[in-house]
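Structure first, then comments.
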Amino acid sequence: VSTAPLQPPAPVERASSTAAARSLWTRVLALQQRLPIVQLIALVALFEWGTWTVTDFATKQSIISMLVAASLLGLAAAGQTIVVLVGGIDFSVPAFISAASIVISQLTGTDHWAFGPSLLVCLLLAVSLGAVNGYVAHRFQVQPLVVTLGMASVVSGAVLLWTNAQATGSPPPFLTRITSVTGTTFGLGVPPVVVLWAAIALLLGVVLRRTIAGRRLYATGANPVAAEFALVRTRRIWIATYAASALVAAGVGVLLAGYAGSGNSTLGDPYLFEGLAAVIVGGTAFGARGDYWRTVLGALVLTVLSTVLVGKGYSTADQQIIFGLLILAVVAGYGRDPRLRDRV
Amino acid sequence: MNDAVTSLRERPWAFATALALVLVAANVIARSSFATPSSWPATLAAFAPFALAAMASTPQILSGGGGIDISVGPLLNFISVVIVAVLIPHGLGSAAVAIPIALGIGAGVGLINGVLVSVLRYQPVLATLCTLFVLEGASLKLLGQPATVSTAWLTHLGNDVGPIPGGLILIAAALVIWLALGRLPYMRALYATGGDDAAAFSAGVNVTVVRIVAYTLGGLFAALAGIALVAVTQSADPTQSIQYTLPALAAVAIGGTSLLGGRGSVAGSIAGAAIMFLIQTLLDSLAVSDLWLQVVYGTLLITAIVLSSTITGPRAVRVEAA
Numbered sequence: 084v085s086t087a088p089l090q091p092p093a094p095v096e097r098a099s100s101t102a103a104a105r106s107l108w109t110r111v112l113a114l115q116q117r118l119p120i121v122q123l124i125a126l127v128a129l130f131e132w133g134t135w136t137v138t139d140f141a142t143k144q145s146i147i148s149m150l151v152a153a154s155l156l157g158l159a160a161a162g163q164t165i166v167v168l169v170g171g172i173d174f175s176v177p178a179f180i181s182a183a184s185i186v187i188s189q190l191t192g193t194d195h196w197a198f199g200p201s202l203l204v205c206l207l208l209a210v211s212l213g214a215v216n217g218y219v220a221h222r223f224q225v226q227p228l229v230v231t232l233g234m235a236s237v238v239s240g241a242v243l244l245w246t247n248a249q250a251t252g253s254p255p256p257f258l259t260r261i262t263s264v265t266g267t268t269f270g271l272g273v274p275p276v277v278v279l280w281a282a283i284a285l286l287l288g289v290v291l292r293r294t295i296a297g298r299r300l301y302a303t304g305a306n307p308v309a310a311e312f313a314l315v316r317t318r319r320i321w322i323a324t325y326a327a328s329a330l331v332a333a334g335v336g337v338l339l340a341g342y343a344g345s346g347n348s349t350l351g352d353p354y355l356f357e358g359l360a361a362v363i364v365g366g367t368a369f370g371a372r373g374d375y376w377r378t379v380l381g382a383l384v385l386t387v388l389s390t391v392l393v394g395k396g397y398s399t400a401d402q403q404i405i406f407g408l409l410i411l412a413v414v415a416g417y418g419r420d421p422r423l424r425d426r427v
Numbered sequence: 006m007n008d009a010v011t012s013l014r015e016r017p018w019a020f021a022t023a024l025a026l027v028l029v030a031a032n033v034i035a036r037s038s039f040a041t042p043s044s045w046p047a048t049l050a051a052f053a054p055f056a057l058a059a060m061a062s063t064p065q066i067l068s069g070g071g072g073i074d075i076s077v078g079p080l081l082n083f084i085s086v087v088i089v090a091v092l093i094p095h096g097l098g099s100a101a102v103a104i105p106i107a108l109g110i111g112a113g114v115g116l117i118n119g120v121l122v123s124v125l126r127y128q129p130v131l132a133t134l135c136t137l138f139v140l141e142g143a144s145l146k147l148l149g150q151p152a153t154v155s156t157a158w159l160t161h162l163g164n165d166v167g168p169i170p171g172g173l174i175l176i177a178a179a180l181v182i183w184l185a186l187g188r189l190p191y192m193r194a195l196y197a198t199g200g201d202d203a204a205a206f207s208a209g210v211n212v213t214v215v216r217i218v219a220y221t222l223g224g225l226f227a228a229l230a231g232i233a234l235v236a237v238t239q240s241a242d243p244t245q246s247i248q249y250t251l252p253a254l255a256a257v258a259i260g261g262t263s264l265l266g267g268r269g270s271v272a273g274s275i276a277g278a279a280i281m282f283l284i285q286t287l288l289d290s291l292a293v294s295d296l297w298l299q300v301v302y303g304t305l306l307i308t309a310i311v312l313s314s315t316i317t318g319p320r321a322v323r324v325e326a327a
């Protein structure tokens, strides 16, 4: 009690006010870790930028075509998101997309199969080859980067062999309507692919955060050894994760076949780096940080950004350059690693 | 036998080198002209861009902290575009001028990557992904479509300079820089940082500078790869920005370098690149149909990485869940 007068009052006050500021800042940071606020702000800001500087940017037509593009990108990045969460990476996504687009066109268009069995063949092949990715990478403890790259080569090569390098056929017309900008879902003025994306985002969000399987996936990504001790069969998680990634990629390939009107061996290529960008811009990082909702935001941010750049009439080259620089600017707010001196 | 396995485990590059030698022998058996000295300059010139791209991807990975540089492919392509579209048309095309400028640009881009990762603390994948987009755009801006070029020194580098194959000179240049750095304290600091950056920091290593130098070095090697690419193709193609990116990373992994950092070497990456290159030439010599090429290549790639990790990798931490 008697020590109170000995303490100089002024510095204490100053310290407490900086402490208050710091605790406010930590609370903001903690909130950002739980909810992707900066990503949302970036999305709104980019959208406003487009609305004010590009004519007819915020029309229904333009918003729907952005949503369709974002759905395809977001779905293509869904597999990559869970693979990154579990601590891996999947470079075979574009190969599965292209392969599925060719297989579905060939089976339904040239070989006159019904759509159902053709889709089933696509998805089953993808799931089994994706499972091989996960098994090999986990069983032999090798870099998934190389395994998935090899698998990509095998998948594209197998399709070449099967079609004799001459892919023919076009997918059924209703597939085109699913991704058509003028398409409607049960009378709603939204194309089915957007509704499908929303449904999958909801499903994946719940599975990741609210189910045992989801918790196991995060546990495996955060610390595989600890997860094994907690009786998580990490190999099963890896196999399931890579199988799911290939499954979604094949699904995107089928949708893209409808979008483009035919199968193509380069259809999936743009989705490799843009898909990865959607995952990282969303704020998901290697080792169980993030979720699919963030990737949804990331896909929206990237789509709005590239639509604005196209709308402002930049050349492809300038678009690429500005795209790269703006991603850095957007991510500066949240996607950076902690200081080394804070980790010692 | 156990000794052999142990010594392989201590030198992750040794297995890759051995496998590369086996593949050289297989190539010679498949096509005897492979062993003829007169065919070496062409083979080495074709190998050089890929080998250098793999070497250029190595220091960043060694520096740890999730270090990876996916902008190596676009950077080497950008260098080739700069040489063809800017330097030669503007009278800066002589070897004495063009080579230093190319190396300067490469090191400069590497430096920017290093600052983004190390000072601004961006995740390496994201920082170099953005560099990839920017470089891809910049290449397209400088050169709208593929262009060819014909300059004496580039033709020489694509064949031979005096008695020495040009491809060998470029690979050796990068290797000499690497080995020279091995004489300096830098190399220890790099491996220490890659192994455990927090521990290295506590021990007084300037982790920031070590990482910046690693990325700059990668950029420098990528510039050499770009020169090698122009030398062998006598052209530049702005649309082929990412062709070397992923294969180069695969070569690094096959060469025994851990993608977690702190373990591996540039020599291993040369061996890894040689394995991938020799598989392709072998399939070519055996006249494997173009249709089968990709399937066989992919299968062999997976086999190579599985072999190299089961024989040389550290034992996986295995926990038997009851």
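In the order they appear, the protein sequences are chains A and B.
For the first sequence, our numbering assigns the number 84 to the initial residue and increments by one for each residue that follows.
For the second sequence, our numbering assigns the number 6 to the initial residue and increments by one for each residue that follows.
The C-beta atom is built at its ideal place from N, Cα and C for all residues, glycine as well.
- [ ] Can you give me the start and stop residues for the alpha helix (DSSP H) that residue 259(A) sits inside?
- [x] 256 to 261
Open item on the list: Between residue 358(A) and residue 159(A), how many whole angstroms is the CB-CB distance? I'm expecting something under 8 angstroms.
Closed with: 5 angstroms
Task: Residue(s) in a DSSP beta bridge with residue 368(A) - done: 372(A)
Open item on the list: Using a Cβ-Cβ cutoff of less than 7 angstroms, which residues in the same chain neighbour residue 388(A) once the five nearest sequence positions on both sides are dropped?
Closed with: 129, 406, 409
- [ ] Measure from the alpha carbon of residue 56(B) to the alpha carbon of each residue in 77(B), 39(B), 200(B), then state which is nearest.
- [x] 77(B)
- [ ] Return the bridge partner residues of residue 268(A) from the DSSP annotation.
- [x] 271(A)
TODO: Could you please give the first and the last residue of the uninterrupted alpha helix (DSSP H) stretch that includes residue 406(A)?
DONE: 399 to 414
TODO: Starting from residue 65(B), follow the alpha helix (DSSP H) in both directions and report where the run begins and ends.
DONE: 63 to 67
Open item on the list: Alpha carbons only, please: which of 244(B), 265(B), 264(B) is nearest the one belonging to residue 352(A)?
Closed with: 244(B)
Open item on the list: Distance cutoff 7 angstroms, beta carbons only. Does residue 403(A) sit that close to anything in chain B?
Closed with: yes
Task: Candidates 171(A), 197(A), 272(A), 179(A): closest to residue 227(A) by CA position - done: 171(A)
Open item on the list: Does the CB of residue 311(B) have a neighbour CB from chain A at under 7 angstroms?
Closed with: yes
- [ ] Determine the burial state of residue 216(B): buried for a count of at least 16 other Cβ atoms within 10 Å of its Cβ, exposed for fewer.
- [x] buried
TODO: Reducing DSSP to helix, strand and coil, say where residue 420(A) ends up.
DONE: coil
Task: chain A contact for residue 196(B) (CB, 7 angstroms cutoff) - done: no
Task: Endpoints, the alpha helix (DSSP H) within which residue 126(B) is located - done: Counting along the chain, residue 126(B) falls outside any alpha helix (DSSP H), and DSSP gives it neither H nor E.
Task: Any non-hydrogen atom of the ligand HEM within 6 angstroms of residue 102(B) CB - done: In the structure shown, the ligand HEM is absent, as is every other ligand, since no ligand is present at all.
- [ ] Mark residue 202(B) as exposed unless 16 or more other C-beta atoms lie within 10 angstroms of its C-beta, in which case mark it buried.
- [x] buried
Task: Delimiting residues of the alpha helix (DSSP H) encompassing residue 39(B) - done: From DSSP, residue 39(B) is part of no alpha helix (DSSP H); its letter is neither H nor E.
- [ ] Output yes if chain B places a C-beta closer than 7 angstroms to the C-beta of residue 233(A); else output no.
- [x] yes
Open item on the list: Please state the DSSP three-state secondary structure of residue 427(A).
Closed with: coil
Task: Identity of the residues DSSP links to residue 240(B) by a beta bridge - done: 153(B)
TODO: Anything in the segment 43 to 77 of chain B with a Cβ closer than 7 angstroms to a Cβ of chain A? List those residues in chain order, please.
DONE: 71
Open item on the list: Taking a contact to mean a Cβ-Cβ separation below 7 angstroms, would you say residue 190(B) touches residue 49(B) in this structure?
Closed with: no
Task: Interface flag, residue 85(B) vs chain A, CB-CB below 7 angstroms - done: no
Open item on the list: To the nearest angstrom, how far is the alpha carbon of residue 314(A) from that of residue 390(A)?
Closed with: 47 angstroms
TODO: Report, in whole angstroms, the separation of the C-beta atoms of residue 219(B) and residue 195(B), which I expect to be a contact under 8 angstroms.
DONE: 6 angstroms
- [ ] Measure how close the beta-carbons of residue 291(B) and residue 35(B) come, nearest whole angstrom, since I'm counting them as under 8 angstroms.
- [x] 5 angstroms
- [ ] Under 7 angstroms Cβ to Cβ from residue 411(A), same chain only, skipping five residues before and after it: list those, please.
- [x] none
TODO: Closer than 7 angstroms, Cβ to Cβ, to anything on chain A: give me those residues from the segment 202 to 214 of chain B, in chain order.
DONE: 202, 203, 206, 207, 212
- [ ] Using alpha carbons as the reference points, say which of 150(A), 125(A), 168(A) lies closest to residue 328(A).
- [x] 168(A)
TODO: Just the chain C side, please: which residues come within less than 8 angstroms of residue 126(B) by C-beta, in chain order?
DONE: Considering every chain present, this structure includes no chain C. Its protein chains are A and B.
Task: Sequence-distant residues of its chain with Cβ nearer than 6 angstroms to residue 177(A) (five each side left out) - done: 351, 352, 354, 355
- [ ] Run down chain B in chain order and give the residues with a C-beta less than 7 angstroms from the C-beta of residue 229(A).
- [x] 255, 258, 259, 306, 310
Task: Beta-carbon neighbours of residue 298(B), restricted to chain A and to distances below 8 angstroms - done: 240
Task: Straight-line Cα distance separating residue 91(B) from residue 369(A) - done: 39 angstroms
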